[in-house]
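Step one of this worksheet: look at the structure below.
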Amino acid sequence: MPILKDAMQAVMKKAIALAPDSFIPGGRPDPLINHKHGLIGASISRIDGPLKVSGRAAFAAEFPLEGMTYAALRYSSIPRGRIVQMDTDDAQAAPGVVLVMTYRNAPRLKPMPAFMTQPKAAGGDDLPIMQDDQVHWNGQPVALVLADTQEQADYAQSLIRIGYEEDSDAVTSLEAAKAKGSEPGVFQGEPLKLEINDAEAMLAAAPHRIDARYTTPRHNHNPIELHAATLAWEGDTLRIHDTVQAVAHEAWTIAHVFGIDEKQVHVTSPYVGGGFGSKTLWQHQVLAAAAARLAQRPVRIMLSREGVYRIVGGRTLTEQRVALGAQADGTLDALIHTGTVAMTPHNNMPEPFILPAKSAYASRSFLLDVETVKMNMTANTFMRAPGEAVGTFGLESAIDELAHAMGMDPIDLRIANEPDKDPTSGLPFSQRGIVDAWKAGRERFGWASRALPGARRDGDWLSGMGCATGTYPYYRMPGGAARITLTNAGRAKVSIAAHEMGMGTSTAQTQVIAERLGLTMDDIDFDYADSTLPGVVLAGGSQQTAAIGAAVIAAHHKLVGKLLQFAGNTSPLSGLLADEVGGRDGGLCALQDESRFESYVTLLARARQQELSVEAEAPMPFELQHWSMHSHSALFCEVRVNAIIGEIRVSRFLGSFDCGRIINAKTAASQFRGGIIMGLGLALMEETLFDERTGRVMNPSLADYHVPVHLDVPQIDIIWNDEADPHTPMGARGVGEIGITGVGAAVANAVFNATGKRIRDLPITLDKMIG
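Residues in the sequence shown are numbered consecutively from 148, following this note's numbering.
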């Protein structure tokens, strides 16, 4: 997730004096960066796989507690106003009901600090939680029922009768919001506006140009595991089993809300059934904790699928203008990417769709701008590749439009505008292999057989090919710390407050740790997802692998230093420094002479210690101040479109990736494919239907909100460069979000090549094909 600007500014003055890409204290490069044998890069199945398929992995709603109660929420039905009447008598008298909580009897709570407002803030919004009669969006929780069973709680909440006074100033349509005026977008504390030279004038003077409008709709989160928590107060300590991607952040934020010390909140989240940005802190966890305190009983709360739509944020809509001006050779004179997004008054998460345009292509001028308008709706939040997923739809569709207008191959146009340094910041790239990815993908996909738009037909089916660039920045949050405990039995445990959401974190990190220590994977225990463990690590922004890796490097270096102190003059390792040794065969050896070796068992025996435990914090992410750092992809799509009814079938897809060193070939490929599949949903079906009369989401279920199923997805081919980035921990960059970026445009461009019809409004549904 993005790095907090204020936290960075406090330490940035120190960065110039430090090596920007040295994660080994002392300034030496990490030897694992160029390590391409053994465990690094191997295709290894997830170590948590057997637990999950056998049902032994306990998710948040599966922890049994004595005296459990079950929660059900009642949601408001107006977009803005106040409660003027509430009758809870029938609900309180219903069978099994333990508590009915409303603003009248809820404990006094502080608002949640919204995400990114403070280093550990995790709130989805900063509104008071059931503290008054005010309603801020259609779907806001206005009552909570606890009962002995879930069925009893669900029934009882339906008996609550509520009367509202609706505020006539509620803003529930984009047009009404725009009429009230816009504000400049701000993301990570940085304005979402950038101007270099006079792009409008250079556009007007360019011999070749296009100027088009693109739109993307709202999207809602639909992880397989519903948002859930099982919690209980143990005296003044709150114990929470949650499905969350930020255990340390949640503990701090919950403590703030209840006015207690952070150490009095203990959050665990060992398994998360998908998050994609949504599994942070929303009102349901706070309400469940408040109800548990009132009832003095444990509480389990699991949102229904509809409940997720009502109170958990998603991706907001965008209106984008992309204008490109080019010379006859295709080089860009002007790149303009501007537009509007909707937000809420109670959090600050604009969709930063201009981010890809800042680094993807060289241009002689830039105008990038995101304006925001306010609506009364659920607070929008991060959703896989926020900004990039939808921003690449506009940008990469426009590149395709320009290539077609100029009679130029769209891959050649992209390569013609490959920058030699970051075109807007001026920083050198840390490592950039997108041109190689394009060349490898073009050959493998058979791009040379691509025909003119509408030229390929097989009976009633038209076919075509499209392509797009994907890009996602490298992030590494500060605050990563890790503990390594080495035992005299030759085993090691690594402890860090990180997360496993199905992407293979525990497996990939066990590979890295085993390789670094010279142990087998069976000798490693990876302890994670507990707020009492070291580190403030967030699973988001495709940065967790780097954050964990940097922390483990720091802890490992400290561990080796301690072990060398134990070595003494009689050890083969005598006189060596920590930078001069590596792990091998259950011990340490000199990097320049592997015959100088001693096992961990004998090193600990020298010191008469049963185990050695060290803890260290990763250095601040200074590399981001010295390099422009991004993962990239070259995406190829083939579609078949029925010429009579407009049905679209994706028949082939290839992703060619440039993401630095790949740690685990199997889990990385799974991440790439998963992102592409989510991108196919974005392109062809995903759309939150929002009733602008009432501010209510109209399709809050998987029966009405469509996502791809098996028959919608073809075989997806995946290749990658595997060129280590010399300026990141382990040489790796993120792979979790790069898969979705560019997919919408690749599909839309393939549809154009098949039919000659340009669709600029997602999703590409039948009505748009036959209209």
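Ideal Cβ positions, reconstructed from N, Cα and C, are used throughout, including at glycine.
Computed from a predicted structure; not experimentally measured.
Asked: C-alpha distance - S742 paired with R663, whole-angstrom precision; Found: 18 Å
Asked: Span of the alpha helix (DSSP H), counted from its first residue to its last, around I911; Found: Premise fails: I911 is in no alpha helix (DSSP H) and is neither H nor E.
Asked: N- and C-terminal bounds of the alpha helix (DSSP H) containing Q299; Found: 297–304
Asked: Anticipated Cβ contact below 8 Å, R356 with A507, distance rounded; Found: Not quite, the Cβ-Cβ distance comes to about 18 Å (not below 8 Å), so this is no contact.
Asked: Beta-carbon proximity of L341 to T571, cut-off 8 Å; Found: yes
Asked: Assigned secondary structure, K813 (DSSP; H/G/I helix, E/B strand, else coil); Found: helix
Asked: Minimum C-alpha distance to P254 - residue among T216, Q392, L441; Found: L441
Asked: Three-way DSSP call (helix, strand, coil) for E548 in this model; Found: helix
Asked: Rounded C-alpha distance that separates P503 from D569; Found: 11 Å
Asked: Own chain, CB closer than 8 Å to A661, minus 5 neighbours either side, in chain order; Found: L186, T667, M668, D670, I671
Asked: Sheet register partners of S746 (DSSP bridge); Found: G734
Asked: Residue from L574, G734, Q278, G554 whose Cα sits closest to the Cα of N900; Found: G554
Asked: Candidates A765, H773, F769, L720: closest to T749 by CA position; Found: L720
Asked: Cβ-based burial, T519 [other Cβ within 10 Å; buried from 16]; Found: buried
Asked: Counted within 10 angstroms of its Cβ, other Cβ atoms place I581 as buried (16 or more) or exposed; Found: buried
Asked: CA nearest to the CA of D177, picked from P600, A815, H703; Found: H703
Asked: Sequence-distant residues of its chain with Cβ nearer than 8 Å to I810 (five each side left out); Found: I187, G188, A655, Q658, V659, T692, M877, A879
Asked: C-beta contact flag for E466 and G889 at 8 Å; Found: no
Asked: Residue nearest to A351 in terms of C-alpha spacing, selected from Q474, T463, V292; Found: Q474
Asked: Residues that P226 bridges to, as DSSP identifies them; Found: For P226, which the question treats as bridged, DSSP gives no partner whatsoever.
Asked: 6 Å CB neighbourhood of T235 in its chain, flanking five on each side removed; Found: V247, I307
Asked: Where A563 sits in the DSSP three-state scheme; Found: helix
Asked: T632 in three-state terms, based on DSSP; Found: strand
Asked: Contact belief for M612 with F783 at Cβ below 8 Å, rounded distance in angstroms; Found: 7 Å
Asked: Residue range of the unbroken beta strand (DSSP E) whose run includes L932; Found: The requested residue 932 is not part of the displayed model; the chain covers only 148 to 918.
Asked: C-beta atoms of D480 and R447 nearer than 8 Å; Found: no
Asked: Touching by the beta-carbon criterion (3+ pairs, under 8 Å), the region 448–460 and the region 844–858; Found: yes
Asked: Residues near E762 by beta carbon distance below 6 Å, same chain, minus five either side; Found: R630, P681
Asked: Simplified DSSP assignment, three categories, for L482; Found: strand
Asked: Contact between the region 753–762 and the region 622–641 (3+ Cβ pairs under 8 Å); Found: yes
Asked: Rounded C-alpha distance that separates S223 from P492; Found: 18 Å
Asked: Sheet register partners of P620 (DSSP bridge); Found: H777
Asked: Option nearest A438 by Cα separation, candidates T216, A714, I911, R808; Found: T216
Asked: Beta-carbon spacing of Q818, V894 below 8 Å; Found: no
Asked: N-terminal and C-terminal residue of the alpha helix (DSSP H) that M349 is part of; Found: 346–352
Asked: V433 versus D851 - alpha carbon distance; Found: 29 Å
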